[in-house]
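Below is one structure; the comments refer to it alone.
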Amino acid sequence: MDIATLREAHPDHWMRAAAIRTLTLDAVAGANSGHSGMPMGMADVATVLFGKHLKFDASAPLWPDRDRFILSAGHGSMLIYSLLYLTGYKEMPLEEIKNFRQMGAKTAGHPENFLLDGVETTTGPLGQGISNAVGFAMAEESLRARFGAKLQNHYTYVMAGDGCLMEGVSQEAIALAGRQKLGKLIVFWDNNNITIDGTVDVSDRTDQVARFKSAGWHVQSIDGHDPEQIDAAIEAAKKSKKPSMIACKTHIALGHAAQDTSKGHGALTNPDQLAAAKAAYGVNWGPYEVSPEVKAEWEEIGAKGRHERVAWEARFEEQSERRQAEFNRVFAGDAPKKLSATIKAFKKQISETAPSLATRASSQKVLEVINPIMPETIGGSADLTGSNNTLTGDMGVFDETNRKGRYVYYGIREHGMAAAMNGMALHGGIRPYGGTFFCFTDYARPAMRLSALMRIPVTYVMTHDSIGLGEDGPTHQPVEHLAICRATPNTLTIRPADTVETAEAWEIALTAQKTPSVLVLTRQNVPTLRTEHKTANLVSKGAYVLAEAEGKRDAILIATGSEVAIAMEARKILQENGIGTRVVSMPCMELFAEQDEAYRRKVLPAGPVRVGVEAAVREGGWDRWLLGERGREAKQAFVGMTRFGASAPAEELYEKFGITAGNVVAQVKALLG
Numbered sequence: 001m002d003i004a005t006l007r008e009a010h011p012d013h014w015m016r017a018a019a020i021r022t023l024t025l026d027a028v029a030g031a032n033s034g035h036s037g038m039p040m041g042m043a044d045v046a047t048v049l050f051g052k053h054l055k056f057d058a059s060a061p062l063w064p065d066r067d068r069f070i071l072s073a074g075h076g077s078m079l080i081y082s083l084l085y086l087t088g089y090k091e092m093p094l095e096e097i098k099n100f101r102q103m104g105a106k107t108a109g110h111p112e113n114f115l116l117d118g119v120e121t122t123t124g125p126l127g128q129g130i131s132n133a134v135g136f137a138m139a140e141e142s143l144r145a146r147f148g149a150k151l152q153n154h155y156t157y158v159m160a161g162d163g164c165l166m167e168g169v170s171q172e173a174i175a176l177a178g179r180q181k182l183g184k185l186i187v188f189w190d191n192n193n194i195t196i197d198g199t200v201d202v203s204d205r206t207d208q209v210a211r212f213k214s215a216g217w218h219v220q221s222i223d224g225h226d227p228e229q230i231d232a233a234i235e236a237a238k239k240s241k242k243p244s245m246i247a248c249k250t251h252i253a254l255g256h257a258a259q260d261t262s263k264g265h266g267a268l269t270n271p272d273q274l275a276a277a278k279a280a281y282g283v284n285w286g287p288y289e290v291s292p293e294v295k296a297e298w299e300e301i302g303a304k305g306r307h308e309r310v311a312w313e314a315r316f317e318e319q320s321e322r323r324q325a326e327f328n329r330v331f332a333g334d335a336p337k338k339l340s341a342t343i344k345a346f347k348k349q350i351s352e353t354a355p356s357l358a359t360r361a362s363s364q365k366v367l368e369v370i371n372p373i374m375p376e377t378i379g380g381s382a383d384l385t386g387s388n389n390t391l392t393g394d395m396g397v398f399d400e401t402n403r404k405g406r407y408v409y410y411g412i413r414e415h416g417m418a419a420a421m422n423g424m425a426l427h428g429g430i431r432p433y434g435g436t437f438f439c440f441t442d443y444a445r446p447a448m449r450l451s452a453l454m455r456i457p458v459t460y461v462m463t464h465d466s467i468g469l470g471e472d473g474p475t476h477q478p479v480e481h482l483a484i485c486r487a488t489p490n491t492l493t494i495r496p497a498d499t500v501e502t503a504e505a506w507e508i509a510l511t512a513q514k515t516p517s518v519l520v521l522t523r524q525n526v527p528t529l530r531t532e533h534k535t536a537n538l539v540s541k542g543a544y545v546l547a548e549a550e551g552k553r554d555a556i557l558i559a560t561g562s563e564v565a566i567a568m569e570a571r572k573i574l575q576e577n578g579i580g581t582r583v584v585s586m587p588c589m590e591l592f593a594e595q596d597e598a599y600r601r602k603v604l605p606a607g608p609v610r611v612g613v614e615a616a617v618r619e620g621g622w623d624r625w626l627l628g629e630r631g632r633e634a635k636q637a638f639v640g641m642t643r644f645g646a647s648a649p650a651e652e653l654y655e656k657f658g659i660t661a662g663n664v665v666a667q668v669k670a671l672l673g
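Oh and the sequence shown: position 487 is 487 in the UniProt record's numbering, straight run, nothing missing.
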């Protein structure tokens, strides 16, 4: 259909869609940057979805049973900003549209979940939104099974472009969704055949319809500008028990001189071409204007879900007080009150029995007492369940036959797992955790970065944390990964030394509200070092004095994880040689940095020589603590890695690379002269 035919066939629909297109053109032109083409191409799909299907109430953007709308092609952010403004979200006045992409505006270049309640997830890195959506849909299924359809019964809708489907993470997500039979997940593919470099066929020839079908999806192909076809396709998708993909054949930058070209992807700012596009749309609105009639129609759409929200609230009030409180607790992200007492009791038992365990095994023991009291946890592993120790006996497996199950077999999909966990956390009501080998954070990195950027408390259980994993060799031995995790803002990287510290690390991760945690755990056994029970969570301080010097304090050994035991062994030798030595366990540099200066200086006073001990590269934040915060407080050395590891038993590797008590002693003596 040409534009004139579209206008004549569906005039009311056309004008509502035109409002999205014109606001997009005005905002991008005003900012002199942005991406015009996608919102212009998908405006018809959005108009039908919001107008006839999406369950939402613009006056209550956080209503727990709303449908979720995810703009995976986040560069087309003016689509969602236009919709929020048009439907009457209070956080999106016209001034925000006018300040598109400007400092301090909520209308950032790509949608940011922490800036606007109407934005469900941060998108921009392509493929993340569709992958998050799998987690959203899994969360809905889990919560519906737990609380019933009266409280949780909604859809997750996604708009994804060619770029989203080219990114590798999309395949992980698509395959996982098909396996899980997520029937309330509906994806609209913006099939416009355009990328920045040219038409799609310059780089890809994938039959996307066949691809989705092969993964177990329900698939339809439609004209993405025909509202009747769009409506019928959504109705059919909602009836399917499979996840659905609707291939929407569209024209990027519809009605503009740049239509169907790569130029149409980006910023369309030429004033004459903008005016010509508006004329083609049949509108005579000025910049940033929408006719009062059209705005009123959109606001009516924004209010249409109010009766459903009120009905939901009535159903909620019918629930028992205990059930209401539990629902509110998990959606607030609050840990149960008994968590603290449970962790304390566990720590006391461990201090008394003093087992020698790998911290990955310690983690499982902690989960065995946590999971029964936190039914909101959903765990999983990227095909390493027996190695990550992430499954406990009470969980059951989450799949299409058991939505009450709480353990997910993600398969060899580290990136897809991390992205899905982000979606679960963003949906609300779920505390997700998932495991793989620490080295394979490389595969999960983009989603882990977004956990931090989006301020969501996802827990990453990363085992086999060093050369201590042994014979699998340097491909599996992380040496730079602690540095990468510590360099990521708003991330807690916690490397516990023993079972007690592991329990405290889990308590921190499960009470965090806006920060993801990376638990870095050993394959090899380590002794219990905290044999004197303390109720306080010492890991929450980031670093603390584990063993004080006897006599004059000449040296401070700072260590993390499995190397704390090496530091304790070195201390014994040094003390026998008359060298007073303090050992500081530093499980989390980020938390230590948050402590006040008086505490930091109490733990790491100026004067004694300092030696850091960690089976990783020094670049992982060590200089601040070794050189001193003023850079001149102590003579110092570092015992760790300077290269990749090797394939050999762990004890031989530690000897080979000099991460031994003997070398620590030698370094201290050399510094003392």
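For glycine and all other residues, C-beta sits at the position ideal for the given N, C-alpha and C. This one's a predicted model, so the numbers in the text were calculated from it and none came from an experiment.
- Per DSSP, the unbroken beta strand (DSSP E) holding K249 starts and ends at 244-249.
- The alpha-carbon of R600 is positioned some 11 Å away from that of V545.
- In this structure, F147 sits near F327, with a CB-CB distance shorter than 8 Å.
- Under the three-state reduction of DSSP output, V613 falls in the strand class.
- Taking all protein chains shown into account, M103 has fewer than 16 neighbouring C-beta atoms within 10 Å of its C-beta and is therefore exposed.
- Boundaries for S562: no alpha helix (DSSP H) harbours it, and the DSSP string shows neither H nor E there.
- For Y443, the closest alpha carbon among the candidates G405, A425, E167, D231 is that of E167.
- DSSP places M462 inside the beta strand (DSSP E), whose first and last residues are 459-463.
- Looking at the backbone, the Cα of A536 and that of K348 are separated by about 11 Å.
- One Cα belongs to S585, the other to G612, and the distance between them is close to 10 Å.
- When C-alpha distances from G183 are compared across T195, R431, D201, G216, the shortest belongs to G216.
- Shown here for E141: same chain residues with a beta carbon closer than 6 Å to its own, the five before and five after excluded, namely R403 in chain order.
- In terms of Cβ geometry, N132 and I70 form a close pair [threshold 8 Å].
- Comparing alpha-carbon positions, the option among K106, P93, H110, M92 lying closest to S72 turns out to be H110.
- G161 is classed as buried because its beta carbon has at least 16 other beta carbons within 10 Å across all chains shown.
- By the Cβ rule, the region 442-462 does not count as touching the region 208-224, because fewer than three pairs are nearer than 8 Å.
- Approximately 5 Å separates the beta-carbon atoms of T359 and P496; this is inside 8 Å, confirming the contact.
- Put simply, the backbone Cα of Q128 is about 21 Å away from that of F438.
- Sixteen is the threshold: when 16 or more other Cβ atoms of the shown chains lie within 10 Å of the Cβ of A277, as they do, the residue is buried.
- The region 577-597 makes contact with the region 538-554: 3 or more CB pairs, one atom from each, lie closer than 8 Å.
- The region 234-244 and the region 258-269 do not touch, with fewer than 3 CB-CB distances between them shorter than 8 Å.
- A distance below 8 Å separates the beta carbons of P432 and V458.
- Assignment of alpha helix (DSSP H) within the region 581-669, counting only whole runs of 4 or more residues, yields 589-594, 597-603, 622-627, 650-656 in chain order.
- Within the same chain, and ignoring the five residues on either side of K338 in sequence, the residues whose Cβ sits closer than 6 Å to its Cβ are I373.
- Inside the region 44-72, DSSP marks whole beta strand (DSSP E) runs of 3 or more residues at positions 68-71, from first to last along the chain.
- Between the beta-carbon of C248 and that of V48 there is about 10 Å, and that puts the pair past the 8 Å contact cut.
- In this model, A549 and M417 are separated by some 45 Å (Cα to Cα).
- Within a 10 Å sphere around the beta-carbon of F136 sit 16 or more other beta-carbons, which makes this residue buried.
- Note on geometry: alpha-carbon atoms of E313 and T87 lie some 22 Å from one another.
- I484 carries a helical assignment under DSSP once its states are collapsed to helix, strand and coil.
- Judged by DSSP secondary structure, W506 falls within the alpha helix (DSSP H) whose first and last residues are 499-511.
- For L254, the CB contacts under 8 Å within the same chain, skipping 5 residues up- and downstream, are I3, R21, M40, G41, A43, H225 in chain order.
- Here the alpha carbons of L357 and P516 stand approximately 25 Å from one another.
- Per DSSP, reduced to three states, the secondary structure at G74 is helical.
- Ranked by Cα distance from T122, the options G429, N422, A650 are led by N422.
- Burial is judged here by how many other beta carbons sit within 10 angstroms of a residue's own beta carbon; D498 has at least 16 and is buried.
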